[in-house]
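Novice:
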Amino acid sequence: MNIKNYINGEFVNPIENNWMPNYNPSNGKVSGQIPNSTKEDVEKAYEAAEKAFLKWSNTTLEERSKILSNIATLILERLDLLAVAESKDNGKPVSLAKEVDIPRAASNFQFFANAITQFSSEAHESIGLNAVNFTLRQPIGVVGCISPWNLPLYLFTWKIAPAIAAGNCVVAKPSEITPMTAFLLGEILQEAGLPKGVLNIVHGLGTTAGNAIVAHPNIKAISFTGGTKTGAHIAGIAAPMFKKLSLELGGKNPNIIFADCDYNKMLATTVRSSFANQGQICLCGSRILVEEKIYEKFKKDFIEKVAQLKVGNPSDETTNIGALVSMAHLEKVKGYIDSASKDGAKVLFGGNKVLVTGSENGYYLQPTIIEVTDNKCSLNQEEVFGPVVTIMSFKTDAEALQLANDVKYGLSATVWTHDLNRSMQFSKQLQTGIVWVNTWMLRDLRTPFGGQKDSGVGREGGLEALRFFTVPKNVCIQYG
Ligand code: NAD
0 MNIKNYINGE FVNPIENNWM PNYNPSNGKV SGQIPNSTKE DVEKAYEAAE
50 KAFLKWSNTT LEERSKILSN IATLILERLD LLAVAESKDN GKPVSLAKEV
100 DIPRAASNFQ FFANAITQFS SEAHESIGLN AVNFTLRQPI GVVGCISPWN
150 LPLYLFTWKI APAIAAGNCV VAKPSEITPM TAFLLGEILQ EAGLPKGVLN
200 IVHGLGTTAG NAIVAHPNIK AISFTGGTKT GAHIAGIAAP MFKKLSLELG
250 GKNPNIIFAD CDYNKMLATT VRSSFANQGQ ICLCGSRILV EEKIYEKFKK
300 DFIEKVAQLK VGNPSDETTN IGALVSMAHL EKVKGYIDSA SKDGAKVLFG
350 GNKVLVTGSE NGYYLQPTII EVTDNKCSLN QEEVFGPVVT IMSFKTDAEA
400 LQLANDVKYG LSATVWTHDL NRSMQFSKQL QTGIVWVNTW MLRDLRTPFG
450 GQKDSGVGRE GGLEALRFFT VPKNVCIQYG
């Protein structure tokens, strides 16, 4: 199926009529064509957004909330269709898209439909000066939202929903590797009654369409999720233009396991936090650090559990691990595994491509466990973003903390322990934006979401997102 841009409430071809192939990772076949949009397409999208802004920013909160709610309902009504489309584009199991990606996209709209009705701002009475200050939180204008391929509709809507709830108009670009569900969202927006121009979706490459959004002089804020290198490039363009920036970037998250934890819960969760979505979640715990006392037992049990995971066609109900997102990504991940031994690492399980009968040209890889001894090795320092985890042991709390923090990234960390003091000490000292204790990826959409260090700046989620997408303006009134 051919995908089109969604500009000013209509589906349109790219102005230069340039297209590029979209691949289905489960079988390596071309599934359709997507627009290879240019600066001119972005300009059209901007003009539509600009034109819609005055009216949308003055639309009552009740009306905005009702439309966002409609979008959420319509997403859930199309759950099966969207889940199959997501799986076809990304390679993830259909079952995962049905359970996680698509329901979460609906929740993103429903959450901000509710949140905007509760959003308030501060007032400061200057006692003794006969003055009162209050803060107006006004929408920014036209904002840009750029999202990656790993959780396509989930992350696309995580940005768009708060942006429009707060009264902005949007020029958005999903990843060119997984454009399908963002395209299908267009019809939902029409049906839900979102006025034309409020949300415009431009498809194309990051270096052209994406770059044009970031460099546009009148797009005043950029909310970006993707790789750290891309984030740095975007910051380089946007910062001198004084744009508001939210950058959600890569991770190399530690999963720290102490002997006193609930072992069975930890083991089951660790399998998930290592390999869910083929390990292609920015929050996956790709560095497993295990207390020496239980290291050998964990190693044996973990390998046994991982060996039970079925790699297969994403549409097969029994599949646990689908295809990686692209041939290029498969080769990159495989390259890390192949060079592991150079760093003195040892592949304990997996490491090979998988030939799936009936889908021989798909991009399949075994879940892979690699034992490392040096935290400085590239497998422990660089984001692999695939079904690959490393394991290593530690002796003391201090050593575990030092290993956990000894990376340039700082997105999330998981700690498994029943010691209250230890869990509090680690929560305070881990250099990450998110800490999970005795759980993983338990998400409450009200909480701040984002990273430290090279994992980004800014926070999404709850009121943080509404604050990002508004400009605070203080008004001071002195009375007689
Ligand atoms: P990417 O940086 O290659 O691309 C992300 C998006 O940016 C795509 O839409 C792409 O077209 C666009 N883009 C690329 N170059 C651009 C440029 N010069 N200007 C403007 N836009 C540009 O990332 P990816 O490979 O799609 O996604 C994987 C990365 O995303 C991983 O590093 C992962 O950790 C990260 N990620 C982070 C989070 C988080 O919340 N921190 C969540 C999911 C994924």
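All residue numbers for the sequence shown refer to numbering that gives the first Met the number 0, where the first residue is 0 and numbers rise by one. No residue lacks a Cβ here, since even glycine has one placed at the ideal position from N, Cα and C. If you're wondering where the values come from, they're calculated on a predicted model, not measured in any experiment.
Which of helix, strand or coil does DSSP assign to Asn23?
Specialist: Three-state result, Asn23: strand.
Novice: Going by the beta-carbon positions, is the gap between Val355 and Tyr363 smaller than 8 Å?
Specialist: It is a contact, given that the beta carbons lie within the stated cut-off.
Novice: When every heavy atom of the ligand NAD is checked, does at least one fall within less than 7 Å of the C-beta of Leu308?
Specialist: Not under cutoff, so the answer is no.
Novice: Given the structure, does Val481 come close to the ligand NAD, in the sense that its CB is under 7 Å from one of the ligand's heavy atoms?
Specialist: A query on residue 481 cannot be resolved here, the shown segment of the chain reaching from 0 to 479 and no further.
Novice: With distance defined between alpha-carbon atoms, name the residue in Leu128, Glu124 and Pro178 nearest to Pro147.
Specialist: The residue with the shortest Cα to Cα distance from Pro147 is Pro178.
Novice: Return yes when the Cβ of Lys251 is within less than 8 Å of the Cβ of Val436, no when it is not.
Specialist: No, they are not a contact pair.
Novice: Who are the Cβ neighbours of Leu188 in its own chain at under 7 Å, not counting the five residues just before and after it?
Specialist: Only Ile70 and Leu198 meet the Cβ criterion.
Novice: Alpha carbon to alpha carbon, how far is Lys43 from Thr395?
Specialist: Going from the Cα of Lys43 to the Cα of Thr395 covers about 58 Å.
Novice: Hey, would you say Ser285 sits closer than 8 Å to Val383, going by beta carbons?
Specialist: Yes, these two residues count as a Cβ contact at 8 Å.
Novice: Return yes when at least one heavy atom of the ligand NAD lies under 7 Å from the C-beta of Phe384, else no.
Specialist: Result yes, Cβ under 7 Å from the ligand NAD.
Novice: By the DSSP assignment, the alpha helix (DSSP H) with Ser377 in it spans what residues?
Specialist: Residues Ser377 to Gln380.
Novice: Start and end of the beta strand (DSSP E) containing His489?
Specialist: For residue 489 there is no data in the structure shown, the boundaries of the chain being 0 and 479.
Novice: Among Ile256, Ile255 and Ile369, which has the Cα closest to the Cα of Ile302?
Specialist: The shortest Cα separation from Ile302 among Ile256, Ile255 and Ile369 belongs to Ile369.
Novice: Buried or exposed: Asp79, going by 16 or more other Cβ atoms within 10 Å of its Cβ?
Specialist: Counting Cβ neighbours within 10 Å, Asp79 comes out exposed, since fewer than 16 surround it.
Novice: Taking the C-alpha atoms as reference points, what is the distance between Pro138 and Ser454?
Specialist: Their Cα atoms are separated by approximately 26 Å.
Novice: Where do the N-terminal and C-terminal ends of the beta strand (DSSP E) with Met440 fall, by residue?
Specialist: It is not in any beta strand (DSSP E) - Met440 carries neither H nor E in the DSSP assignment.
Novice: Following a CB-centred definition, is Ser174 positioned closer than 7 Å to any heavy atom of the ligand NAD?
Specialist: Indeed, a heavy atom of the ligand NAD lies less than 7 Å from the Cβ.
Novice: Do you know whose CA, among Lys296, Asn23, His215 and Leu193, lies nearest Asp40's CA?
Specialist: Checking every option, the nearest Cα to that of Asp40 belongs to His215.
Novice: Could you check how far apart the C-beta atoms of Trp415 and Cys281 are, in whole angstroms? I think they sit under 8 Å.
Specialist: Trp415 to Cys281, Cβ: 20 Å. No contact.
Novice: Output the residue ranges of the alpha helix (DSSP H) runs that lie fully inside the region 341-386 and measure 4 residues or longer, sorted by chain position.
Specialist: Counting whole runs of 4 or more residues, the region 341-386 contains the alpha helix (DSSP H) stretches 377-380.
Novice: Tell me the rounded alpha-carbon separation between Val201 and Val346.
Specialist: Their Cα atoms are separated by approximately 42 Å.
Novice: Just list the residues that DSSP pairs Thr134 with in beta bridges.
Specialist: Per DSSP, Asn473.
Novice: When you measure from the CB of Cys144 to every non-hydrogen atom of the ligand NAD, does any distance come out below 7 Å?
Specialist: Cys144 Cβ: outside cutoff for every heavy atom of the ligand NAD.
Novice: With DSSP as the reference, identify every bridge partner of Val388, one or two as the case may be.
Specialist: DSSP lists Ile368 as partners of Val388.
Novice: Given 8 Å as the limit, is there contact between the region 120-140 and the region 97-107, that is, 3 or more CB pairs closer than that?
Specialist: Segments in contact, no.
Novice: So Pro34 and Ile2 are supposed to be a Cβ contact under 8 Å. How far apart are they, rounded?
Specialist: Rounded, the Cβ-Cβ distance is 7 Å, consistent with contact.
Novice: Would Leu444 pass as a contact of Gly457 if the rule is Cβ separation under 8 Å?
Specialist: It is not a contact, given that the beta carbons lie outside the stated cut-off.
Novice: On the CB-based measure, 16 or more other CB atoms within 10 Å of its CB, does Ser338 come out buried or exposed?
Specialist: Looking at its Cβ environment, which holds fewer than 16 other Cβ atoms inside 10 Å, Ser338 is exposed.
Novice: By alpha-carbon positions, which one of Pro173, Lys472 and Thr269 ends up nearest to Pro366?
Specialist: Answer by Cα proximity: Thr269.
Novice: Is any heavy atom in the ligand NAD found nearer than 7 Å to the beta carbon of Leu410?
Specialist: For the ligand NAD, at least one heavy atom lies less than 7 Å from the Cβ of Leu410.
Novice: Is Trp148 near the ligand NAD, going by C-beta to nearest heavy atom under 7 Å?
Specialist: Trp148: yes, Cβ under 7 Å from the ligand NAD.
Novice: Give me the residue from Leu410, Gly409, Ser411 and Val434 with the minimum Cα distance to Gly421.
Specialist: In the sequence as presented, Gly is not what sits at residue 421; that position holds Arg. Of Leu410, Gly409, Ser411 and Val434, the residue nearest in Cα terms is Val434.
Novice: Three-state secondary structure (DSSP) at Gln177?
Specialist: Strictly speaking, residue 177 in this sequence is Thr, with Gln absent from that position. Note: Thr177 maps to coil in three-state DSSP.
Novice: Quick one: complete alpha helix (DSSP H) runs, 4+ long, within the region 26-91?
Specialist: Segments of the alpha helix (DSSP H) lying fully in the region 26-91: 38-56, 60-76 and 78-89.
Novice: Using 8 Å for Cβ pairs, my map puts Leu244 next to Ile221. What's the rounded Cβ distance?
Specialist: 6 Å between Cβ atoms; contact.
Novice: How is Leu152 classed by DSSP in three states: helix, strand or coil?
Specialist: It is helical.
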